[in-house]
Amino acid sequence: MNASGKDFDRHLSFIRHELRSPLNAIIGYTEMLIEQAEDSGNGALIPDLKKVHDASLNLLERIGSLLTFTLGDFTQEKGDATEPGASESIAQTVDRYRREQRKAKTEAKPNIPDLSCVTVPNDLYQSMQKAVTEHNMTELKQCLDEIDTLGKTERQLGACLRTLSRTYDMKAIADLLNKVRHD
Amino acid sequence: MAKILLVEDDEMNRDMLSRRLQRRNYEVLIATDGKQALEMARAEEPRLILMDISLPEMDGYEATRQIKASPETQGIPVIALTAHAMAGDREKALKAGCDEYDTKPIDLPRLLEKMQSLLEKQS
């Protein structure tokens, strides 16, 4: 890797550190508040604190995904000794991230169960629709956990929705939900 | 109550981790850079050091190397803490003389387990 490549890697490493440090503090403080709420019996705060915690972990994961692609990855992938300049690489990083996201979506081929055999309770169905509309992944995850307690076919639906939720493909989730029977 | 030296330059992470450790009955001393860590390790003789790696003045690797090179402090176990979590970080930390390595965000039960294991070995 040439000098500009190393500079770019160092720059990414610096950004990653600068973004992660305050986020680590948020995660740690939230865990501390959850512990204190548990100890003091103030359980009403815990669900919301857990949402903050989940959202922070989610953000941390995104920072990791976006900033893990370094110039070294590009040159390794390309298999040649030609390295682009750092400014060009930033655009490539973003482009690569987007390509990876698209690829992940394409690869996420969930097994869609026979929806004619699936019935979801109305309140759960409404909660899922609301979670999808609001892009509330924590709420959606809770709904999917609830689906797991239903029948075998419903669990298959849950697994399918879970696969789609990993790539934040809310449109696909909404489309699938629209086909689900509920009562 | 075990005396721990926490070396961390980020104010919020320092406050957060020290409070969580104090809640678990650890006595927590604070150093904010590598040089201060060396001085406090000599003066305070903590039973264990939690060493952030990205530090101003002298980084955590160098501070650990010097702690392990000094007869007065080389017996103090050091756990490296890093937010980078890059391949090679662990090896680099162990090569510098750290006894253990952990990543941020801190998984407190995991860190406490590592601390406890090193403290038990020591006693």
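Here the protein sequences line up with chains P and G, keeping their order.
One rule links them: number in our numbering = place in the first sequence (from 1) + 568.
One rule links them: number in our numbering = place in the second sequence (from 1) + 51.
Heads up, the beta-carbon is just placed ideally off N, CA and C, and yes, glycines get one too.
Query: Since I believe N76 (chain G) is in contact with M52 (chain G) (beta carbons under 8 Å), could you give me their beta-carbon distance rounded to a whole number of angstroms?; Result: 5 Å
Query: So, does the stretch 593-607 of chain P touch the stretch 77-85 of chain G, judging by three or more C-beta pairs under 8 Å?; Result: no
Query: Cα separation between F576 (chain P) and N64 (chain G)?; Result: 27 Å
Query: Between L106 (chain G) and D84 (chain G), which are expected to be in contact by the criterion C-beta below 8 Å, what is the C-beta distance as a whole number of angstroms?; Result: 5 Å
Query: Quick one, are the C-beta atoms of L56 (chain G) and P97 (chain G) less than 7 Å apart?; Result: yes
Query: Is the number of C-beta pairs between the stretch 114-123 of chain G and the stretch 161-169 of chain G that are closer than 8 Å three or more?; Result: no
Query: So, for L627 (chain P): in the same chain, excluding its five sequence neighbours on each side, which residues have a beta-carbon less than 7 Å away from its beta-carbon?; Result: L591
Query: Can you tell me where the alpha helix (DSSP H) holding L163 (chain G) begins and where it ends?; Result: 159-173
Query: Where DSSP assigns a beta bridge to Y152 (chain G), which residues make up the other side?; Result: G:A131
Query: Starting from the beta carbon of I614 (chain P), find every residue of chain G whose beta carbon is closer than 9 Å, and list them in chain order.; Result: Those do not exist, as I614 (chain P) stays about 17 Å from chain G at its closest Cβ, beyond 9 Å.
Query: Measure the C-alpha to C-alpha separation of L99 (chain G) and T598 (chain P) and round it to an integer number of angstroms.; Result: 26 Å
Query: Please report the residue range of the alpha helix (DSSP H) in which V748 (chain P) lies.; Result: Neither: V748 (chain P) is in no alpha helix (DSSP H) and is coded neither H nor E.
Query: Sort P:E722, P:N704, P:S581 by Cα distance to L634 (chain P) and report the nearest one.; Result: P:S581
Query: To the nearest whole angstrom, what separates the beta carbons of C711 (chain P) and M696 (chain P), a pair I think is in contact under 8 Å?; Result: 5 Å
Query: Return the residue from the list P:T687, P:K698, P:H579, P:S733 that minimises the CA-CA distance to R717 (chain P).; Result: Residue identity check: residue 717 (chain P) is Thr in the sequence provided, not Arg. Out of P:T687, P:K698, P:H579, P:S733, P:T687 has the C-alpha closest to the C-alpha of T717 (chain P).
Query: In the DSSP output, what is L57 (chain G) paired with across the bridge?; Result: G:I81, G:L101
Query: Mind checking if R75 (chain G) is an interface residue toward chain P, Cβ cutoff 7 Å exclusive?; Result: no
Query: Go ahead and pull the three-state DSSP assignment for T687 (chain P).; Result: strand
Query: Round the Cβ separation of A82 (chain G) and V58 (chain G) to the nearest angstrom and send it over; I've been treating them as touching at under 8 Å.; Result: 5 Å
Query: Got a sec? Which residues, its chain only, sit under 8 Å from D60 (chain G) by beta carbon, not counting five neighbours each side?; Result: T83, D84, D103, S105, L106, P107
Query: Please list the partners that N610 (chain P) has in chain G, where partner means a Cβ-to-Cβ separation under 8 Å.; Result: Under the 8 Å cutoff, chain G gives no residues; its nearest Cβ is about 16 Å from N610 (chain P).
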